[in-house]
Amino acid sequence: MNKRPLGKSGRLVHPVGLGCMGLSWAYHDKAVEEAEGIRLIRLAIELGVDHFDTSDAYGPHTNEELVGRAIKGLREKVVLATKAGLVVKGDSASSGYTRNGRPEYIRAACEGSLNRLGIDVIDLYYLHRIDPETPVEETWGAMAELVAKGKVRWLGISEAKVPELDRVSRIHPVTAVQSELSLWTRDYLGDVVPWCKANGASFVAFSPLGRGFLTGTIKADTELSAEDFRSTLPRFSADAVAANQRIVDAVRAVAQRRRVTPAQIALAWVLAQGEHVLAIPGTRTKKYLEQNVAAADIALTPEELAELDAIPAPVGGRY
Ligand SMILES: NC(=O)c1ccc[n+]([C@@H]2O[C@H](COP(=O)([O-])OP(=O)(O)OC[C@H]3O[C@@H](n4cnc5c(N)ncnc54)[C@H](OP(=O)(O)O)[C@@H]3O)[C@@H](O)[C@H]2O)c1
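If you read the sequence shown in our numbering, its first letter stands for residue 71, the second for the next number, and so on.
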């Protein structure tokens, strides 16, 4: 496994980071026990993972607190990424989100994240979503000031399109773009992924396992609980899940030949999209974590890549 550069930051990171969102919220009925979450994050560090992704929106807030406690004493070993600008409406993400990119909001959000993480400087600070009510230059300008003040090292942006990337990069370099990329979400392959390569930014692939779907663990008869965020997504409706099993079948076919798991093939495909691409799969499970980290060592052949590229588009939208 070769480490990969994090944009032009000068830092190299393991190609497989750990997305921490699911430890606090998203695909389970409740958050992990704190001790369990801390154990998993520390195990990831032992396995060589050195890039951890969170957000003030996850929980909200509790995921940053968990990550902060887990990395206590290990701070120098890891790149810590967090985000601002996606605001949970009530006290739980189930009540929905709004966006806020106003400079004063971003400044306050950064202080909150530093406190919850228990650190002096955030390595990678993302704008989680662009606020349509605030010119992105104003938001990004405020984030650049945080870099100048030493509160943040590098800037990233999530779900931005090329024109927005051009606008912000005129103000301050983009170290990473974090957007969804997986075998069933290839929307950014034609434009944003090449933009990142041309501009020296990393493309950080979120939900690289298709929120778990590509691993083959969700079948047509799997019942997602009301607390499981996926139950709100068109791609996880019963009909879509049934129709999309052919995607999993195709991934499984390659996995069986390589004697690895479908999750590992899904990650190897993401990492094959370029040396500037990083993946941040999420898991609560030791076994899955070990598999995901090991996927960085799987080099797919051109024939396998062609076979995976030919997988049909999914039924059902992302959101
Ligand atoms: N920027 C954004 O807007 C945004 C949006 C979504 C996510 N993210 C980031 O991306 C990270 C990862 O995305 P994600 O959690 O949505 O989706 P994901 O990584 O595609 O999938 C996570 C799901 O896959 C399961 N899983 C993980 N490894 C597995 C394996 N080897 N075999 C079988 N199942 C496996 C997990 O199960 P268990 O939990 O049971 O282990 C979990 O249900 C998040 O943690 C977050 O940091 C960012």
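Cβ atoms here follow ideal geometry from the backbone N, Cα and C, with glycine treated the same way.
Since this is a predicted model, take the numbers as computed values, not measurements.
So residue i and residue j are supposed to be a Cβ contact under 8 Å. How far apart are they, rounded?
i	j	result
alanine 271	glycine 77	5 Å
glutamate 134	threonine 152	6 Å
arginine 139	isoleucine 189	Not confirmed; about 12 Å, so no contact.
threonine 209	glycine 155	7 Å
arginine 354	leucine 150	Not confirmed; about 19 Å, so no contact.
alanine 320	isoleucine 381	5 Å
histidine 84	alanine 366	7 Å
Would residue i be called buried (16 or more neighbouring beta carbons within 10 Å of its own) or exposed?
i	result
proline 233	exposed
arginine 281	buried
lysine 221	buried
glutamate 229	buried
tyrosine 97	buried
aspartate 120	buried
glutamate 250	buried
glutamine 334	buried
serine 79	buried
glycine 107	buried
DSSP three-state call for residue i: helix, strand or coil?
i	result
tyrosine 175	helix
glycine 352	strand
arginine 281	coil
proline 75	strand
serine 252	strand
aspartate 309	helix
threonine 152	strand
threonine 204	coil
aspartate 367	helix
tryptophan 265	helix
Rounded to whole angstroms, what's the CA-CA distance from residue i to residue j? Just pull it up for me.
i	j	result
alanine 246	glutamate 297	31 Å
leucine 184	glutamate 373	46 Å
alanine 342	arginine 74	12 Å
glutamate 293	arginine 186	35 Å
tyrosine 258	leucine 303	19 Å
isoleucine 368	leucine 216	38 Å
asparagine 269	aspartate 291	44 Å
threonine 27	glycine 352	This structure gives no information on residue 27, because the portion of the chain shown stretches from 71 to 389.
valine 137	cysteine 90	8 Å
tyrosine 128	aspartate 161	11 Å
serine 301	tryptophan 95	14 Å
threonine 331	asparagine 170	40 Å
aspartate 236	arginine 172	20 Å
arginine 328	leucine 378	13 Å
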